[in-house]
Structures are given as C-alpha cells and as structure tokens.
Amino acid sequence: MYHSPHPLDKRKLGRSDIEVSRLSLGGAGLGGIFGQVPEAEGIAAVQKALELGLHWLDTSPFYKESERRMGMALRGVPREQYVLSSKAGTHPDWFQQYSAESFYRSVDNSLRLLGTDYLDLCLIHDPLPRHMDEVLGPGGGLEALRDLKQQGIIRAIGIGVRQHASLQRAIDTGEMDVALTFSDYTLMRQTALKLQSHAQNHGTALVNGAPLAMGLLSGQAPEKIGTSAWKPPQEEVSAVKEIAAWCGQRGITVLSLALQFSLRQEAFAATLIGASTPAEVEQSFAAVCEPIPVPIWEELPELLARLRLSN
C-alpha cells in the first residue's frame, strides 16, 4: 500500500519507545567507505541532516571514519535531540567475530568514538547464515546485546544484513526491534517485501537501506558508479538507463522517484540515505519533497514489472 508521507513523519522502531524520522541518515558514505570524503564535509553532512530534522543517525565501525566524524559533529548537541545507532560484528580488528566478548569490545569502542554513554540501537552487522549459530547461541553476540540493554547501554537491538536467511533467523528470536535490509527495495528490486509479514508478526520494524541501489539511482551516469573493488552488474546498469529515460519523458528526476518510492512503502519504518556531504543531504531532502503527479505513480507498476530483478 502507498501513501504520501512527509520525510519528517515519525515511526516507532519495533516494540521500543524510539521514534525516528521516516527519512534518516546512514553513515557509510560520509566515513569514506565508497571513496574519499573530506573530513569537514563528512562532519557537515551530519550537521545538515540534524538541521533539516533527519534525527536518526546510523553508523558502524566498518564505515572507516564514520563513527569518529559523527562524534565530532555531535559535540555540543543535546543527546535527546537525535537517535544514534551503530553496529557490532564488523569492526576491522574483530571482523566477522560474533562472540559476546567481541561485541562488548566493539560497543565500548563505538561509544568512545561517538562521544556518548549509550546507543539508542545496536545492530548485529552482516552475519552470513553460517554465522547465525554463533550470534544467537550461548556466549554469542546477542547475549552481549541483551546484557547491554539490561544495563541501559543500548536501548534496542536489531540486525542489519542483506541475506534474508540471517534476517529471518534473527527475527525469529522475538528480540529484534529492527531488521535493516539494503538494496532489496529499489525501483529495480523489491524482494525485501518478502520479510514484511514475518517482521510484523514478531514486532520487528523493517528499515530500508540503500534505496538508491548503492548510488545507481542517484541520477549520476551509472558507468560512474562503483569502486575499484565493486562494479554494478550490467543488468542493473541497463535497468537504470531505462528508468532514467522513463523519468526524463515525464519531467521528473530518478533521485526523486527512487527516494519517494521507498518512503511511500508503509512496510518500512524508515529509509536511510547514504549522503556523504551536506550538499547531498540537501539534494536528497529536496528530492523527497518534490511533487510527483499521481498519474506517474499509477504508471509506475508497469515499469517495475518490466525491470524487476529477482536477487
């Protein structure tokens, strides 16, 4: 079902009492994980997000300088004015270690870099299906998060990973307030909706990350997207070119359509944008506020059916 939310509308994260803006900031890009970002720009991106009212800020030890830069941006900002989340399991020093011990170390390090004494949310980060027994079993990461929640060091628990098998196993515990999926609800692919009823039945909020498909739907030429370690598949590049032509014929931008497509989906409590600079934050915010005529939304399903990629 679609509706027309404002990006600053609030939604609760699962059974927690945490409310977040429907459009919020993901911190991967501003940390330099996809390419160099000047430190001042990364810090200013966080400040611009708060200025606009995007008050949920998500980061991870895996995102290079992201936690430290967020901590610098948040100095002097009253703690109650923002929701802060980080992750455990992918710290470079303890990469893909999902024991309770490694989670305690990771969270402690995140608190230090972020300059806070608690996280609103901590997500189990990128566990493959083969890691889930360790994550959920005795002495595993979930045990640590459970304890940290009891101590008040974190307020809510979640998981962030692309593999649906990992998400489903975590949701099955009944302890996940949030399941963060990424690149699986875009104009090209909507497989994240397979998780909707499962999450709903367990009181877990779904959150959509990478609504721009790792930048492919940002409006840039798709050939320019990627890094030395990753290039988009040709089928996605071809799909983006078709989307761009479709949008051009209707006088709208790919960026506006892609972001609003995610925000209009009620299955998601929030959508995380990966803006790296204040200009990108402003551009994304303007894009979600740009009016798109109703007839375009009525035409869109035909395009989606033609483009839909399965995995």
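Anchor point for the sequence shown: position 87 equals 220 in the numbering used here, and the numbering is continuous, going up by one each time.
Ideal placement from N, C-alpha and C gives every residue a C-beta, glycine not left out.
- prompt: Pick from Cys380, Glu308, Thr306, Arg302: whose alpha carbon is nearest that of Leu320?
  reply: Position 187 of the sequence shown, counted from the first residue, corresponds to residue 320. The shortest C-alpha separation from Leu320 is found at Cys380.
message: Within the continuous beta strand (DSSP E) that includes Trp189, where are the two ends?
response: The residue given as residue 189 occupies position 56 in the sequence shown. If you look at Trp189, you'll find it in the beta strand (DSSP E) that goes 189-191.
message: I need the straight-line Cα distance from Glu198 to Pro411, nearest angstrom please.
response: Taking the sequence shown and counting its residues from 1, one reaches residue 198 at position 65. Taking the sequence shown and counting its residues from 1, one reaches residue 411 at position 278. Going by the C-alpha atoms only, they are around 16 Å apart.
- prompt: Does the separation of the CB atoms of Pro365 and Arg302 fall below 9 Å?
  reply: Taking the first residue of the sequence shown as position 1, residue 365 is located at position 232. Taking the first residue of the sequence shown as position 1, residue 302 is located at position 169. Going by beta carbons, Pro365 and Arg302 fall outside the 9 Å limit.
query: What distance in whole Å lies between the Cβ atoms of Met347 and Ser316, which are believed to be in contact at a cut-off of 8 Å?
result: Residue mapping note: residue 316 aligns to position 183 of the sequence shown, counting from 1. Residue mapping note: residue 347 aligns to position 214 of the sequence shown, counting from 1. Yes, Ser316 and Met347 are in contact; Cβ-Cβ is about 6 Å, under 8 Å.
- prompt: Of the choices Gln367, Lys181, Val421, Asp191, whose alpha-carbon is the least far from that of Ala161?
  reply: The residue given as residue 161 occupies position 28 in the sequence shown. Considering only alpha carbons, the answer is Asp191.
message: Helix, strand or coil, according to DSSP, for Val311 in the structure here?
response: Here residue 311 refers to the residue found at position 178 when the sequence shown is read from its first residue. DSSP, read as helix, strand or coil, puts Val311 in strand.
- prompt: Is the region 171-179 close to the region 221-241, with three or more CB pairs under 8 Å?
  reply: No, they do not touch.
field: Inter-residue spacing [alpha-carbon to alpha-carbon] between Arg288 and Ala403
entry: The residue labelled residue 288 in the question sits at position 155 within the sequence shown. The residue labelled residue 403 in the question sits at position 270 within the sequence shown. C-alpha separation (whole angstroms): 18 Å.
query: Does the distance from the CB of Ser409 to the CB of Val170 come in under 9 Å?
result: Numbered from its first residue, the sequence shown carries residue 409 at position 276. Numbered from its first residue, the sequence shown carries residue 170 at position 37. Yes. Within cutoff.
query: Roughly how many angstroms lie between the CA atoms of Val311 and Ser235, to the nearest whole one?
result: By one-based count along the sequence shown, residue 311 stands at place 178. By one-based count along the sequence shown, residue 235 stands at place 102. Their backbone Cα atoms lie some 21 Å apart in a straight line.
query: Along the chain, where does the beta strand (DSSP E) that runs through Ser157 open and close?
result: Here residue 157 refers to the residue found at position 24 when the sequence shown is read from its first residue. Its beta strand (DSSP E) spans residues 156-159.
Beta bridge counterpart(s) of Arg201 as assigned by DSSP: For the purposes of this step, residue 201 is identified with residue 68 of the sequence shown, where counting begins at 1. DSSP output for Arg201 lists no bridge partner at all.
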